[in-house]
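>
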Amino acid sequence: MGAIEVLRPGLLTTVQDLGRWGWQAWGVSVSGPMDPPSHRRANLLVGNPDRAATLEITATGPELRFEDERVIAVTGASFVLDVDGQPVPASAGVRVNRGGRLRFGRRLSGTRAYLAVSGGIAVDPVFGSRSTHVPSRLGGFRGRALASGDRLPLGPDTGPPPSPGATPVDVPLTLPLKSGRARIRVLPSPHPTRFRADALDRLQSGPYRVGPQSDRMGYRLEGPRLHASVAGSQLSEPSPAGSIQVPPGGDPILLMADCQTVGGYPVVATVIAADRGLAGQLGPGDALTFTVCTRQEAVSALIALERTLMGPR
Amino acid sequence: MRPPAPDVHVVPAGDTAFLVEFPARMDAAISACVIALWHDLRERRIPGVRDLVPAYATLAVYFDPLRTDVPALVALLERAAAAAGSAAEGSAAAPAVRPIHRIPVCYGGELGPDLEEIAAETGLSRDEVIRAHAGATYRVFMLGFMPGFAYMGEVDRRIAAPRRPTPRLKVPAGSVGIAGRQTGIYPMASPGGWRLVGRTPVRPFLPGRDPAFLFQAGDAVQFVPVALERFHELEALEREGGPRGGD
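Here it is, written out as structure tokens:
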């Protein structure tokens with residue numbers, strides 16, 4: 001079976017699949033891609049099931065050598081890409097020859113790209129998932145981000161990739177406008193009394209900026225401060241990714257893919273599933289605004305996203 | 001007729017999870033309701049449900065909105081929560097009997113650097129603090145923070161020391177800490193703010209071991225004081241993958 005050799009790792013490159021579900025009761029975080037639609041799209045472009053493991057590439061990309069012939073696709077954040085010095089397109093299946101080198105150059109927009117390889121990244125699953133959770137050193141390649149010299153096993157390449165045109169070539173699903181801000185839709189907390197009455201208005205008055213101390217566990221947001229109605233922390237309760245927690249200082253924290261399973265700070269609102277990928281494309285310094293929507297809008301947005309992702313049937 | 005189920009609400013947490021909320025208290029009877037509901041829902045294998053997460057007074061139900069009949073799920077959660085509330089009252093809620101974990105702990109000294117401070121703050125002697133901590137049978141209310149970290153309670157009020165104002169950057173694996181009326185064991189080295197009273201050679205989580213996790217929500221735990229020499233013996237055994245010590 002083939003493998004990828006890491007020549008340069010990039011800033012933070014990790015193996016991710018759709019996440020480690022089913023183990024949160026034992027304190028195991030879900031992890032998984034920060035931008036799930038882009039991860040799934042990359043897999044579909046190379047003929048993998050959407051749950052196959054990809055590489056999540058953050059801000060600065062890697063240089064990789066392929067030990068056998070594979071089809072690859074890069075989605076999400078937009079990078080200048082080349083294979084053996086020849087420019088290659090993003091969001092498309094590209095054949096890489098045995099010994100071929102894929103290089104990520106300059107980043108044009110977004111923060112996280114996904115590299116899918118036909119056959120998938122075949123590190124051993126841990127608790128049913130190949131996703132890397134760096135804080136607990138679980139999954140992925142030895143529980144950590146890739147380093148130079150790592151050799152990543154690939155799964156069997158099961159056959160011809162989808163013919164060109166079978167998958168829609170697209171605008172990226174999740175990139176914020178270069179000049180603008182990400183507009184993120186949220187559903188309000190079921191516990192409005194935990195906050196002062198103006199909390200949702202203040203949350204929507206943004207913009208917020210993603211603070212420098214932000215990572216896959218969560219974004220520290222700088223903008224209008226929010227105030228809980230009761231001081232101190234509450235009894236810990238489960239805290240899904242997408243929750244906007246408010247610690248006593250008032251600067252909200254948006255929980256992301258690697259967040260802990262439980263938390264003790266009150267939650268003011270939760271990002272809808274359809275907009276989590278967009279949130280996942282943000283990096284330190286990026287701006288975002290929050291808009292409260294209805295449950296019906298949230299479902300419609302998710303169905304629309306799914307249709308775009310899977311293409312016409 | 002059973003008395004009516006305790007006050008319970010099913011509320012959404014965004015569009016991919018529901019929280020089944022019992023009265024928000026650290027309380028064994030409420031925890032028994034949460035855990036009875038957890039076991040009941042696990043056995044049902046509900047289509048679209050991705051994860052079930054018990055906490056002190058909350059069970060989180062994660063679902064895939066595109067593969068779940070959401071109104072049916074809410075109705076089921078409301079029925080099952082009411083049933084769990086009744087069933088758990090005054091009886092053992094978990095379907096399988098779980099052992100009482102007996103965890104050896106070497107208290108004080110370098111392994112429990114906050115013990116003397118807690119003694120000084122409370123006016124108790126060092127030995128009284130140890131007796132208070134090791135004299136109780138604790139309930140595992142939930143796991144969280146990191147894989148295998150069990151939130152246990154309730155700690156004797158006299159020694160319910162608050163968290164440190166500034167967390168330590170590195171708490172060694174096996175450290176036994178107190179945070180208010182909670183106590184817990186750090187499964188691996190990590191930053192942490194709990195006040196450390198001792199250390200156990202037992203590892204609550206080892207990915208390669210079967211079972212990987214020593215504790216689950218609803219379990220009972222006792223701490224057994226051991227001398228430093230015994231701690232080192234047990235630690236050597238644990239490293240060789242021998243008996244887990246303490247049982």
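In the order they appear, the protein sequences are chains A and B.
Mind the numbering: the first sequence is residues 1 to 313 in our numbering, read in order.
Mind the numbering: the second sequence is residues 1 to 247 in our numbering, read in order.
Quick reminder that beta carbons are idealized off the backbone N, C-alpha and C, glycines included.
1. In angstroms, rounded to a whole number, what distance separates the CA positions of B/R131 and A/G128?
2. Taking only three categories from DSSP, how would you classify B/F18?
3. Indicate whether B/V176 and B/V226 have their beta-carbon atoms separated by less than 7 Å.
4. Give the single residue among A/E56, A/L102 and A/V268 whose Cα lies nearest to the Cα of A/H191.
5. State yes or no: is the beta carbon of B/L143 nearer than 7 Å to at least one beta carbon in chain A?
6. Which chain B residues are close to A/V299, counting only those with a beta carbon under 8 Å from its beta carbon?
7. Count the other CB atoms within 10 Å of the CB of B/H232; is the residue buried (16 or more) or exposed (fewer)?
8. What span of residues does the alpha helix (DSSP H) with B/F231 cover, start to end?
9. Which residue comes first and which comes last in the alpha helix (DSSP H) that contains B/A120?
10. Could you tell me which chain A residues have their CB closer than 8 Å to the CB of B/A160, listed as they occur along the chain?
11. Quick one: Cα of A/G143 to Cα of B/G184, how far?
12. Measuring only the C-alpha atoms, how far is A/M310 from A/R95?
13. Quick one: what does DSSP say A/P207 is sitting in, helix, strand or coil?
14. Buried or exposed for B/D69, please, with buried defined as at least 16 other CB atoms from any protein chain shown within 10 angstroms of its CB.
15. Compare the beta carbon distance of A/G242 and B/G14 with 7 Å and say whether it is the shorter of the two.
16. Could you compute how far the alpha carbon of A/A147 sits from the alpha carbon of A/L102?
17. Can you find a CB in chain B that lies within less than 7 Å of the CB of A/R313?
18. Going by Cα to Cα distance, which pick from A/F104, A/D124, A/Q213 and A/G149 is closest to A/L115?
19. Is DSSP giving B/Y138 helix, strand or coil here?
20. So which residues of chain A does B/D51 contact, with C-beta pairs closer than 7 Å?
21. When Cβ atoms are compared, which residues of the stretch 25 to 55 of chain B fall closer than 8 Å to chain A?
22. Pull out every residue of the stretch 199 to 218 of chain B whose Cβ sits closer than 9 Å to any Cβ of chain A, in chain order.
23. So, A/R202 versus A/L226, is the Cβ gap smaller than 7 Å?
24. To which residues of the same chain is B/P147 closer than 7 Å at the C-beta, ignoring the five residues directly before and after it?
25. How far does the alpha helix (DSSP H) with A/V30 in it reach, from first residue to last?
26. Would you please verify whether the beta carbon of B/A60 is less than 7 Å from any beta carbon of chain A?
Concretely, from the data shown:
1. Rounded to the nearest angstrom, the two C-alpha atoms are 42 Å apart.
2. Note: B/F18 maps to strand in three-state DSSP.
3. Pairing B/V176 with B/V226 gives a Cβ-Cβ distance that is not under 7 Å.
4. Answer by Cα proximity: A/V268.
5. Closer than 7 Å to some Cβ of chain A, the Cβ of B/L143 qualifies, so yes.
6. Within 8 Å of the CB of A/V299, the CB atoms of chain B belong to D15 and P65, in sequence order along the chain.
7. Looking at its Cβ environment, which holds fewer than 16 other Cβ atoms inside 10 Å, B/H232 is exposed.
8. Where B/F231 is concerned, the enclosing alpha helix (DSSP H) starts and stops at L228 to R239.
9. Going by DSSP, B/A120 is part of the alpha helix (DSSP H) stretching over L115 to T122.
10. Neighbours of B/A160 on chain A: none; closest Cβ ~15 Å, over 8 Å.
11. Each residue's CA atom was taken as its position, placing A/G143 and B/G184 some 24 Å apart.
12. If I take the Cα positions, the gap works out to 22 Å.
13. Coil, per DSSP.
14. Counting Cβ neighbours within 10 Å, B/D69 comes out exposed, since fewer than 16 surround it.
15. Yes, the pair counts as a contact, with Cβ atoms nearer than the cut-off.
16. Distance between the alpha carbons of A/A147 and A/L102 is about 16 Å.
17. Annotation note: pLDDT 47 at A/R313 (below 50); position unreliable, coordinate value reported separately. Output row for A/R313: interface = no.
18. When each option's Cα is compared against that of A/L115, the closest is A/F104.
19. Look at B/Y138 here: in three-state DSSP terms it is strand.
20. Chain order gives the chain A residues near B/D51 as W21, G22 and Q24, where near means a beta carbon separation below 7 Å.
21. So the list reads R25, M26, W38, R50, D51, L52, V53, P54 and A55, given in the order they occur along the chain.
22. Within the stretch 199 to 218 of chain B, those residues whose Cβ lies closer than 9 Å to any Cβ of chain A are, in chain order, F205, P207, A212, F213, F215, Q216 and A217.
23. Yes, the pair counts as a contact, with Cβ atoms nearer than the cut-off.
24. P187 and F205.
25. That residue, A/V30, is in no alpha helix (DSSP H); it is neither H nor E in DSSP.
26. By the rule that beta-carbons nearer than 7 Å mark a contact, B/A60 touches chain A.
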